[in-house]
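Beneath this line is the structure, given in structure tokens, with notes to follow.
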Amino acid sequence: MFHIVQYRPLRLVTQNSLSSMCLKLMCSRPVAFARIWKSWFSSHSLVGNKNIILMGPPGAGKTTIGKIIGQKLDCPVIDIDDDVLETTWNMSVSEKLQDVGNEQFLEEEGKALLKFSASGSVISLTGSNPMHAAGMQHMKKNGIVIYLDVPTAVIMSRLKSMKVDRIVGQSPGVSFRDILQFRKQFYKRWYDIHVLCGGNIAAEVVAEKVLDAVKRYQNSELETFVSTRSSRPGSSMEKDSQKYFTDVVTEGLAPDGGLFVPERGLPKFTAGEWQSLIEATYIERAQVILERCIHPADIPASKLAEIIGTAYGENFSCSKIAPVRHLAGNQFLLELFHGPTASFKDFALQMVPHIFAYCIPRSCNYLVLVATSGDTGSAVLDGFSRLHDTDKQRIAVMNFFPEDGVSPIQKSQMIGCQKENAWSVGVKSDFDFCQTAIKQIFTNSDYTGFLTVEYGTALAAANSINWARLLPQIVYHASAYLDLVHQDIIPFGSPIDVCIPTGNFGNILAALYAKMMGIPIRKCICASNENNVLTDFIRTGVYDLRGRKLIPTFSPAVDILKSSNLERYLHLIANEDGQLVTQLYNQLENQGCFQLPKDLLEKLPQDLVATTGYILDTHTAVAKVVADRLQDRTCPIIISSTAHYSKFAPAILRALRIAEINQNPLSQLHLLSSYSPLPPVHWGLLETLKRKANEDHQVCAADMSMLMSHIETLIQNHFM
1 MFHIVQYRPL RLVTQNSLSS MCLKLMCSRP VAFARIWKSW FSSHSLVGNK NIILMGPPGA
61 GKTTIGKIIG QKLDCPVIDI DDDVLETTWN MSVSEKLQDV GNEQFLEEEG KALLKFSASG
121 SVISLTGSNP MHAAGMQHMK KNGIVIYLDV PTAVIMSRLK SMKVDRIVGQ SPGVSFRDIL
181 QFRKQFYKRW YDIHVLCGGN IAAEVVAEKV LDAVKRYQNS ELETFVSTRS SRPGSSMEKD
241 SQKYFTDVVT EGLAPDGGLF VPERGLPKFT AGEWQSLIEA TYIERAQVIL ERCIHPADIP
301 ASKLAEIIGT AYGENFSCSK IAPVRHLAGN QFLLELFHGP TASFKDFALQ MVPHIFAYCI
361 PRSCNYLVLV ATSGDTGSAV LDGFSRLHDT DKQRIAVMNF FPEDGVSPIQ KSQMIGCQKE
421 NAWSVGVKSD FDFCQTAIKQ IFTNSDYTGF LTVEYGTALA AANSINWARL LPQIVYHASA
481 YLDLVHQDII PFGSPIDVCI PTGNFGNILA ALYAKMMGIP IRKCICASNE NNVLTDFIRT
541 GVYDLRGRKL IPTFSPAVDI LKSSNLERYL HLIANEDGQL VTQLYNQLEN QGCFQLPKDL
601 LEKLPQDLVA TTGYILDTHT AVAKVVADRL QDRTCPIIIS STAHYSKFAP AILRALRIAE
661 INQNPLSQLH LLSSYSPLPP VHWGLLETLK RKANEDHQVC AADMSMLMSH IETLIQNHFM
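1 is the number of the first residue of the sequence shown in the UniProt record's numbering; add one for each residue after it.
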């Protein structure tokens with residue numbers, strides 16, 4: 001018999017240096033206890049012998065694949081059609097369907113499932129079983145449901161060759177394709193594991209994919225995270241210090257000051273798996289990609305689907321979420337500004353708050369700290385303000401931004417996005433100070449311990465230093481490539497270049513991660529403005545901040561000198577040598593510069609190209625100019641359009657040669673709206689500025705003690 005233990009490890013978070021053991025248990029993940037608990041479950045199998053339940057449309061190969069799996073595991077194989085329904089009814093399934101009709105057939109089929117019981121078996125469902133809720137709930141009690149997701153075109157071809165002329169739901173004017181599309185909602189509702197079966201791959205291959213997926217489902221301990229500054233994986237890693245997705249989402253920054261990365265790297269998709277997503281919607285692509293990156297023990301597939309649907313359902317003004325539009329020649333624009341705050345940051349920050357709320361323990365309050373150079377602030381404030389009321393009572397966010405280092409519209413937007421659990425604080429300094437200050441606060445164990453003991457409040461981060469921020473960005477880079485294939489611009493497998501305005505290195509890192517996962521990206525072009533420390537580094541291997549001062553530009557989101565996510569890339573190309581990364585960043589901290597070893601410098605051109613663009617109007621203009629300079633016209637280039645043009649109204653109005661520009665941001669938007677040749681002003685931006693025109697905000701000196709005082713005051717006002 002095949003025994004499957006359906007286990008959900010206890011996933012709370014580990015906080016550093018808490019003075020009170022009682023509060024530590026309240027706000028932390030009891031790792032040692034979880035290890036004992038899992039060991040006890042594994043040895044006793046108290047939940048019984050689980051079934052492997054194969055689900056999918058007719059023609060998905062459930063019966064054949066079930067038999068192969070049964071042979072490999074030496075366990076019983078049950079086909080619901082042949083072994084349950086026809087035995088119960090004493091007639092063929094097709095005869096029953098013809099006899100009672102569609103609705104009654106589903107009811108009779110569901111009743112048969114409710115009477116069925118098995119354990120330790122491989123069970124192949126019918127294509128219509130998932131349409132009966134009570135029957136599926138009964139089956140899931142003792143089984144892991146695996147969705148065999150076969151492309152509709154392949155299913156149609158198989159049904160034709162099988163000479164299937166009738167399935168449940170068929171009626172005059174309703175095609176097989178319509179029925180298959182309708183059924184997808186039910187398959188998505190019930191599965192625990194999603195297996196992509198792209199193309200006409202052999203049943204043996206699918207069976208192996210199923211078994212690999214089941215092994216992953218059962219063993220969450222393989223998907224741990226390490227710091228970019230830790231020693232090599234496996235050298236001295238204590239089990240009790242292992243970090244899981246839930247932990248890194250909550251903690252944000254590693255205790256040693258490094259950034260969390262997956263210990264075993266990112267998942268790889270086969271070409272067939274990517275091709276199976278060509279016809280998929282953006283939300284469907286996001287679900288598949290994120291399921292591979294987030295273990296179901298951290299967030300089950302059903303909850304992840306709920307989070308993705310909430311994030312991208314009604315909050316984006318374009319149904320395609322991240323459309324790709326032809327610009328000119330071989331250039332295409334990836335429009336990342338259709339979210340509620342008009343920038344690419346919405347892709348992560350409409351999702352991360354819900355992930356965060358799900359992952360953290362219910363017994364502790366959390367204050368999320370954010371540093372922004374412009375777009376992140378309004379996006380994180382908007383995202384966390386959309387949480388359920390009960391979550392807003394235990395989760396608040398404080399946004400620090402350079403008081404004089406963002407555009408007037410961005411500043412008004414951040415002030416306007418303040419809600420009962422979300423505040424903005426202007427700092428009399430630049431973004432680099434804000435970001436460095438937050439890192440220092442997180443690594444100050446005395447201060448974080450004081451906040452936990454005194455106020456029962458833990459700190460968390462929502463900047464791109466948080467691993468969860470990067471995952472949704474991988475999705476839109478992958479989706480953009482699939483859109484070009486879907487539009488017949490290129491065949492699958494042909495390479496593309498991407499050109500991305502880059503400041504903190506998060507967006508371009510996500511593109512590099514998409515490349516690692518199998519998307520054929522040739523080069524990632526890093527587009528900078530006058531603050532071109534990154535482009536200098538990519539060319540020379542020297543990261544040099546000595547004597548450099550931040551230059552304010554019209555593209556403030558890339559007005560950054562210390563690029564946090566570069567550390568993750570260096571850890572990657574250094575073959576996960578955390579000691580080398582630590583050495584480099586210690587040099588940067590103490591001496592203001594570091595130089596890559598020669599072997600690492602030689603790796604940079606394999607992924608990255610760098611250049612500096614002139615400022616025309618927005619961040620996208622930087623990337624456009626760079627793309628014009630560097631494109632070799634041998635393959636398409638996708639330019640990331642990271643913000644809506646109306647966020648930078650003064651630059652646009654100057655380009656239109658408007659002599660007198662009102663300094664009021666709302667007036668600037670109204671003036672833009674009066675020019676009919678221009679696209680409409682962004683809906684969310686206009687509404688925010690209208691609704692909150694008279695809001696105020698706090699201003700703080702560039703002093704660590706002052707920042708910490710603001711944090712403590714907010715905690716007292718919101719949580720006490």
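By construction, the Cβ of each residue, glycine as well, lies at the ideal position given by its N, Cα and C atoms.
Compare the C-alpha of residue i against each of the options and name the closest.
i      : options                        : result
HIS644 : LYS160, ASN49, LEU333          : LEU333
GLU589 : LEU550, LEU545, ILE179, LEU367 : LEU545
SER385 : LEU369, SER412, THR372, LYS419 : LYS419
ALA203 : PRO255, GLN137, ILE68, ILE496  : ILE68
VAL145 : LEU125, PRO552, ASN315         : LEU125
ASP178 : GLN275, LYS188, MET156         : MET156
CYS700 : ILE278, ASP599, GLN587, ASN399 : ASN399
GLU284 : TYR217, TYR312, ALA271         : TYR312
LEU451 : GLY66, LYS96, ILE711           : ILE711
ILE639 : ASN90, SER227, ALA328, ARG229  : ALA328
LYS141 : THR228, ASN90, SER563, ASN49   : ASN49
PRO296 : THR341, ALA213, LEU277         : ALA213
ASP696 : ALA118, VAL425, THR582, PHE245 : VAL425
ILE289 : GLU107, VAL154, PRO472         : PRO472
GLN170 : ALA133, ASN102, ARG189, VAL154 : ASN102
THR502 : THR634, ASP599, THR535, LEU304 : THR535
CYS75  : ILE123, SER94, GLN587          : ILE123
MET131 : GLY199, ASP81, ARG189          : ARG189
ASN315 : GLU335, PRO340, ASN330         : PRO340
PHE719 : LEU580, PHE505, GLU263, ALA422 : ALA422
LEU470 : ASP346, TRP683, THR448, LEU482 : ASP346
GLY506 : THR540, LEU566, VAL154         : LEU566
GLN181 : PRO58, MET91, LEU482, GLN287   : PRO58
HIS326 : ASP488, LEU707, ILE299         : ASP488
THR448 : CYS593, SER709, GLU279, THR152 : SER709
Please work out which residues of its chain come closer than 8 angstroms, Cβ to Cβ, to residue i, disregarding the five sequence neighbours upstream and downstream, and give them in chain order.
i      : result
VAL84  : ILE78, ALA112, LEU113, PHE116
LEU669 : ILE409, SER646, ALA649, VAL681, LEU685, LEU686, LEU689
ASP81  : THR63, VAL93, SER124, THR126
GLY578 : VAL226, SER227, THR228, ARG229, SER230, SER231, ARG232, GLY258, HIS571
Assuming residue i and residue j make a contact with CB atoms under 8 angstroms, what is their CB distance in whole Å?
i      : j      : result
LYS72  : LEU211 : 7 angstroms
ALA610 : CYS526 : 5 angstroms
ILE637 : ILE438 : Their Cβ separation, rounded to whole angstroms, is 35 angstroms, which puts ILE637 and ILE438 out of contact at 8 angstroms.
LEU148 : GLY56  : 4 angstroms
ASN51  : SER119 : 6 angstroms
ARG292 : PRO267 : 4 angstroms
LEU336 : ALA322 : 6 angstroms
GLN595 : VAL542 : 5 angstroms
GLY518 : ALA271 : 7 angstroms
Less than 6 angstroms between C-beta atoms, sequence neighbours within five positions excluded: which residues of the same chain meet that for residue i?
i      : result
GLN410 : GLY374
ALA396 : LEU367, ASN421, HIS718
With a CB to CB cut of under 7 angstroms and the five nearest residues on each side skipped, what residues in its chain are close to residue i?
i      : result
PHE433 : VAL427, ALA702
PHE105 : LYS96, LEU97, VAL168
LYS243 : THR224, PHE225, PHE260
GLY110 : HIS132, ALA134, GLY135
PHE269 : MET517, GLY518
Which residues share a DSSP beta bridge with residue i?
i      : result
ILE639 : LEU333, CYS499
CYS197 : In DSSP, CYS197 forms no bridge with anything.
ARG325 : LEU333
THR457 : ASN365
TRP274 : None, per the DSSP bridge assignment.
SER429 : DSSP output for SER429 lists no bridge partner at all.
TRP423 : MET398
MET55  : TYR147
ASP544 : CYS593
CYS526 : ILE500, ALA610
PHE225 : LYS243, PRO262
CYS700 : VAL427
Consider the C-beta atom of residue i and the heavy atoms of the ligand COA; say whether any pair is separated by less than 7 angstroms.
i      : result
ILE307 : For the structure depicted, the ligand COA is absent and the ligand set is empty, with no information on it obtainable.
Inter-stretch contact (C-beta, 8 angstroms, three-pair minimum) for the segment 502-517 and the segment 466-480: yes
Point to revise | Validate contact between the segment 652-659 and the segment 353-360 using beta carbons, cut 8 angstroms, 3 pairs | key: no
The segment 241-257 in contact with the segment 458-468 per 3-pair CB rule at 8 angstroms = yes
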